[in-house]
Each structure stands twice: as structure tokens, then as C-alpha cells.
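**Q** For the sequence shown, position 124 matches number 124 in my numbering, and the numbering has no gaps at all. Glycine included, each C-beta is placed from N, C-alpha and C at the ideal position. The model shown is predicted, which means the values in this text are computed figures rather than measured ones.
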Amino acid sequence: MELQIRKRTIFLILGIIGIIVLILGFSQLYKNYLKPVKSVYINDVPFTFRRDVRRALKVDLFPKEELLHELFTNYRVRNITILFKAGTPETNALYELETIELTYKLFRYDDITRGMVRPRKSFNAEEIENYENITREDSVLKIILVPPEFSDETRVSAGGNRIWVYGRTDKEFDLATMKAILSIMNVTNVEDLVN
Numbered sequence: 001m002e003l004q005i006r007k008r009t010i011f012l013i014l015g016i017i018g019i020i021v022l023i024l025g026f027s028q029l030y031k032n033y034l035k036p037v038k039s040v041y042i043n044d045v046p047f048t049f050r051r052d053v054r055r056a057l058k059v060d061l062f063p064k065e066e067l068l069h070e071l072f073t074n075y076r077v078r079n080i081t082i083l084f085k086a087g088t089p090e091t092n093a094l095y096e097l098e099t100i101e102l103t104y105k106l107f108r109y110d111d112i113t114r115g116m117v118r119p120r121k122s123f124n125a126e127e128i129e130n131y132e133n134i135t136r137e138d139s140v141l142k143i144i145l146v147p148p149e150f151s152d153e154t155r156v157s158a159g160g161n162r163i164w165v166y167g168r169t170d171k172e173f174d175l176a177t178m179k180a181i182l183s184i185m186n187v188t189n190v191e192d193l194v195n
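(1) Give a yes or no on whether the C-beta atoms belonging to R51 and M178 are separated by under 8 Å.
(2) Answer yes if the region 40-49 comes into contact with the region 91-99, meaning at least three C-beta pairs across the two stretches below 8 Å, and no otherwise.
(3) Could you tell me which of V37, Y41, H69 sits nearest to A56, measuring between CA atoms?
(4) State the Cα-Cα distance for the pair T9 and K35, rounded to the nearest angstrom.
(5) Nearest CA to the CA of F84: which residue from G18, E132, E153?
(6) Which of the three DSSP states is assigned to P147 in this structure?
(7) Bridge partners of N186, per DSSP?
(8) Report the rounded CA-to-CA distance for T73 versus Y109, giving the unit in angstroms.
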């Protein structure tokens, strides 16, 4: 009788420990892999986004992740110009939103990382008539926004002091813009950059 009570007590204790381990394991799994990440920290400065950073990091980028960071941190680049082609009122509102996000986050990033050698970058936005013949300038990094009205794909591409941000839907366009910002900040995963 006493042996059966001890067995039941042992099984009860082991069961409780097992349940606690499962709960802790699932909470860590959720926290590390499933929970949406809305902020990253660079030099202890938070950069908060509207959408999940993990989803933005999955947007295709060509030719390579590091190129956007290299283009932005190039000491010869003194100006960031955001180019857009006017569209419907909804598209223009989307441009406004993405332009403000690009300018604000990249200005802050430039401010906390430039050091004493690199001069502060200036930012401006310009309307263009079409996406053809966008010239390359050594001292200007051009970020060309191609919203859903003019795009049938979602991706970010770069080359020749130009970064192209394409989005098939409003949500995907926002994620592609986030991908461009994160790549400029050299963020390729979130594991080391969240609190």
C-alpha cells in the first residue's frame, strides 16, 4: 500500500515537472520563432516597424544582402533621393507613408553609425515621369519606389547607386520597404537585435 502511494506521488511529481517543461519549451518556441518582432535595436537604439520584421526579412533581395549596406555607408554618398511615379490617391498616400518611414529610420541610422569620418547625409524625394533612364550619380543613392499600381512582383534589387523597391500589394510593398531599410542597416536576422 505504501509502495503504491509512493509510485503515485512519484508519477504525479514527474507529470507536473513534464507539464512545466512543456509549457516553458512552448513559450520559448513562441518567443524565439513565432511571436511577431516589431522592433530591432542597433547600438541600443530601437527601430520600430508596423509589420513583423521576420516576414520582411523573407522578401527577395538581389543581387546580395550586403550591397544595400555598402551603398548607404559609402563615404562618397552624401544624398539619399527617394523617387516615385505619381499614381492614384491611394498610391500617393502609400508613397507618403513609405517615404516618411525611409527618411526617418535611415536618418536615425545614419546619425548613430556615421562616426566622425562620414558626413551626414541629406534626404529628399522627387517625382519622376517614368521608371526608365534613371541615371547613376556617385554622390546620390536613389531609392526608387514601385508600388502595387505599377508592379506585379515583390522584391528589392540594387546596383549602380540605385535601390529598387517593388510590391505586388500594399502589405507586400510595406514589407519590401522594410526589407530595404533592414538591409541598409545590415540586419539579416533578428536573433541578436531584439530585447
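**A** Walking through what the data contain:
(1) Yes, these two residues count as a Cβ contact at 8 Å.
(2) Verdict: no, contact absent.
(3) Taking the Cα of A56 as reference, the smallest distance to any Cα among V37, Y41, H69 is reached at V37.
(4) In this structure, the alpha-carbon of T9 lies about 37 Å from that of K35.
(5) Of the listed residues, the one whose Cα sits closest to F84 is E132.
(6) Reduced to three states, the DSSP call for P147 is coil.
(7) N186 is not bridged to any residue.
(8) Rounded to the nearest angstrom, the two C-alpha atoms are 10 Å apart.
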